Amino acid sequence: MIVLGYWNVRGYAQPIRLLLEYLQAEYKEKLYHDNGEEWFNIDKKELKTNFPNLPYLIDGDVVVTESKVIPIYLAKKFKKYELIGQNSDGSFNLNEITFLQILEILKELRDSLWASARVPSFKQEKDQIFKEKFNITFEKIKKQLGENSYILGNLSFLDFYFYEVLKFFQFFYPNLSIFTDFINRIENIPQIKSYLETRENKNFLLDRMKSQFYF
Ligand SMILES: N[C@@H](CCC(=O)N[C@@H](CS)C(=O)NCC(=O)O)C(=O)O
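Numbered according to my numbering, the sequence shown terminates at residue 218, and the numbering increases by one at each position without gaps.
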């Protein structure tokens, strides 16, 4: 059975969890808690890869790390190539390049909010930062989406990633009401809808991390 290892938070693992749920994959999670002793002192040393990190995915003898690479492995394993921008038979499609491009942009957007929110002045400057920085990327994504339901036209991992980025933003900007149709669309995908209602998912509340940020 597939094992997804990560801290007991949403973080980089959450879009991967959504993908696993969407694929209805049989998987279990290895969640690391608090001081990370079990991860740093035991599992990090024993994981059969030269590049141990969190998140990791174990599938039999295969160990994959890097949060932008794990979804590629999963899409290929389940032969759902459209989820990474390829044609449905796995052949090349320019969307495959767009997929990687936008994934990087979304990760930067998320990481940039994370870094900004850890600086005390964020509390006073957050609206200005949103206007001058984050909104520029949101406008680009809006343009990419156009009249489509999903970022690449058809549903892909990017949509799960972007959904999670939006939820992350809503945590810091509770009045933010952009992309609400998009959020609803993702939350209404049957597999996602039922996952979001589970106790496991509710446990990954961002609220638990409040003390790390200034807002
Ligand atoms: N480039 C890696 C970065 C992973 C990373 O920074 N993981 C953090 C949690 S978000 C961690 O605590 N890693 C455990 C470690 O450094 O051993 C990825 O995208 O997966």
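Backbone N, C-alpha and C define an ideal beta-carbon position, used for all residues, glycine too. Please read these numbers as outputs of a predicted model, since none were measured by experiment.
Could you check what DSSP says for Ile-186 in three-state terms: helix, strand or coil? If DSSP states are grouped into helix, strand and coil, Ile-186 belongs with the helices.
Ile-5 - partner residues in DSSP beta bridges: Tyr-30
Alpha helix (DSSP H) containing Ile-45: first to last residue? Where Ile-45 is concerned, there is no enclosing alpha helix (DSSP H), given that its DSSP letter is neither H nor E.
When we look at the beta-carbon of Ser-219 and count the other beta-carbons within 10 Å, is it buried (16 or more) or exposed? Look at the range of the chain in this structure, 4 to 218, and you will see that residue 219 is not part of it.
Three or more C-beta pairs under 8 Å: does that hold for the region 153-164 against the region 96-105? The region 153-164, when compared against the region 96-105, does touch it at the 8 Å Cβ threshold.
Residues near Lys-110 by beta carbon distance below 7 Å, same chain, minus five either side: Lys-71
Is the CB-CB distance between Ile-139 and Ile-73 below 7 Å? Here Ile-139 is not near Ile-73, since their CB atoms are 7 Å or more apart.
Start and end residues, alpha helix (DSSP H) containing Val-65: Not the alpha helix (DSSP H): Val-65 falls in the beta strand (DSSP E), residues 65-68.
By Cβ distance below 6 Å, which residues in the same chain neighbour Glu-32 in space, the five residues on each side in sequence not counted? Leu-7
Where Tyr-15 and Ile-195 are concerned, what is the direct C-alpha to C-alpha distance, given to the nearest angstrom? 17 Å
May I ask you to verify whether the region 122-135 touches the region 49-67, counting CB pairs closer than 8 Å and requiring at least 3? Touching, no, given that fewer than three Cβ pairs across the two stretches are closer than 8 Å.
Have a look at Gly-93 and Val-66 and give me their C-alpha separation to the nearest angstrom. 22 Å
State buried or exposed for Asn-98, treating a residue as buried only when at least 16 other CB atoms are found within 10 Å of its CB. buried
Nearest to Phe-141 by CA position, among Glu-190, Val-168, Glu-150 and Ser-124, is which residue? Val-168
Would the C-beta of Gly-14 count as close to ligand 1, meaning under 6 Å from any of its heavy atoms? yes
So is the beta-carbon of Asn-56 under 6 Å away from any non-hydrogen atom of ligand 1? yes
With 16 other Cβ atoms within 10 Å as the buried cut-off, status of Arg-121: It counts as exposed.
If I'm right that Tyr-76 touches Leu-60 with Cβ under 8 Å, what's the distance once you round it to whole angstroms? In this structure Tyr-76 is in contact with Leu-60, their Cβ atoms being roughly 7 Å apart against a cut-off of 8 Å.
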